[in-house]
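Visitor:
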Amino acid sequence: MDIWSWLWVGWLGAFAVIEGVALAREDRGDTLSEHVWKWFGIGRHDEPRPAVTGSVRLRRFVLLAFCTWLWTHFLTGGAF
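Numbered by numbering that gives the first Met the number 0, the letters in the sequence shown go through residues 0 to 79 in order.
1) Taking the straight line between their C-alpha atoms, what separation do you get for T53 and V61?
2) Considering I17, what are the terminal residues of the alpha helix (DSSP H) in which it resides?
3) How long is the line joining the alpha carbons of S4 and F14, rounded to whole angstroms?
4) Taking F39 and V55 to be in contact with their CB atoms under 8 Å, please state how far apart those CB atoms are, rounded to whole angstroms.
5) So W36 and R43 are supposed to be a Cβ contact under 8 Å. How far apart are they, rounded?
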């Protein structure tokens with residue numbers, strides 16, 4: 000494995016540790032999912048939905064565009 004492979008493995012390991020600690024603590028707002036819900040105005044299933052502002056709509060659009068590009072990029076072997 001080259002240095003880049005080791006760095007990606009390290010990044011995944013760091014994510015696993017951070018998420019694992021957040022799950023073990025069981026505090027609200029610790030996990031990646033809870034942060035994404037907050038950043039994109041989703042709200043938890045047991046709470047009222049937050050107001051959707053123009054800023055939230057823009058963040059949602061950027062997330063959707065990025066995810067669409069990323070999956071297209073992965074599935075086409077980098078053609079896009």
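Backbone N, C-alpha and C fix where the C-beta goes; we use that ideal spot for every residue, glycine too.
Guide: Inspection of the coordinates gives the following:
1) Looking at the sequence provided, one finds Gly at residue 53 rather than Thr. Looking at the two C-alpha atoms, the distance is approximately 12 Å.
2) I2 to R24
3) 15 Å
4) 7 Å
5) 6 Å
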